[in-house]
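Visitor:
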Amino acid sequence: MKFYRCTECDQIHIKLIDQNNDVTCCDTPTVELVENNSPDEAQNHVPKIRKIGNFVTITIDNNHPMVDIHHIEFICMETNQGFQYKKLNINQEPKVQFILANDEVITNIYLYCNLHSLWSLHLTSESK
4 MKFYRCTECD
14 QIHIKLIDQN
24 NDVTCCDTPT
34 VELVENNSPD
44 EAQNHVPKIR
54 KIGNFVTITI
64 DNNHPMVDIH
74 HIEFICMETN
84 QGFQYKKLNI
94 NQEPKVQFIL
104 ANDEVITNIY
114 LYCNLHSLWS
124 LHLTSESK
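For the sequence shown, position 120 matches number 123 in our numbering, and the numbering has no gaps at all.
1) Going along the chain, which residues of its own chain have a beta-carbon closer than 7 Å to the beta-carbon of L19, five neighbours each way excluded?
2) Taking the alpha carbon of N66 as the point to measure from, which residue in R53, E44 and I55 has its own alpha carbon closest?
3) What did DSSP end up calling P132 once you bin it into helix, strand or coil?
4) Return the CA-CA distance between N23 and C12, expressed in angstroms with no decimal places.
5) Out of curiosity, what's the CA-to-CA distance linking D25 and F58?
6) In angstroms, rounded to a whole number, what distance separates the CA positions of K89 and I52?
7) Is the region 96-103 touching the region 70-87, taking contact as three or more C-beta pairs under 8 Å?
8) Is the Cβ-Cβ distance between W122 and E38 less than 8 Å?
9) N111 bridges to which residues according to DSSP?
10) When you compare each of T62, Y115, I55 and P50 to I17 by their alpha carbons, which one comes out closest?
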């Protein structure tokens, strides 16, 4: 799964399968959102997962700002059956809820910070 942003309209595009073809929007190529691995910013972008039954709550802790100049734009949960995506709004708590189907397992969590780019948490079989 890869994420792209249009440089013209700022729309986010998700590419589920990499088939070596370009993602375009507004008649221009989009820019791939590359995962940030900076240890300096990592602690502010770690998703916390709480699962009760089939209900999943994902929270970005450490008081991540949710203001116009610095905020989490989206959180995406990838599973063994597909993905779910939630867009966050300015002044909204950086927290989303998803519902899993029976036998659905979380594999990855992605979040996008408008200042610090794309972050991910890749779950191992032990942490699921």
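C-beta: ideal position from N, C-alpha, C; glycine also.
Guide: The structure says:
1) Result list for L19: M4, in chain order.
2) Considering only alpha carbons, the answer is E44.
3) The question about residue 132 has no answer, for the chain in this structure spans 4 to 131.
4) 23 Å
5) Using only the alpha carbons, I get a separation of about 35 Å.
6) 15 Å
7) yes
8) It is a contact, given that the beta carbons lie within the stated cut-off.
9) E81 and H125
10) Y115
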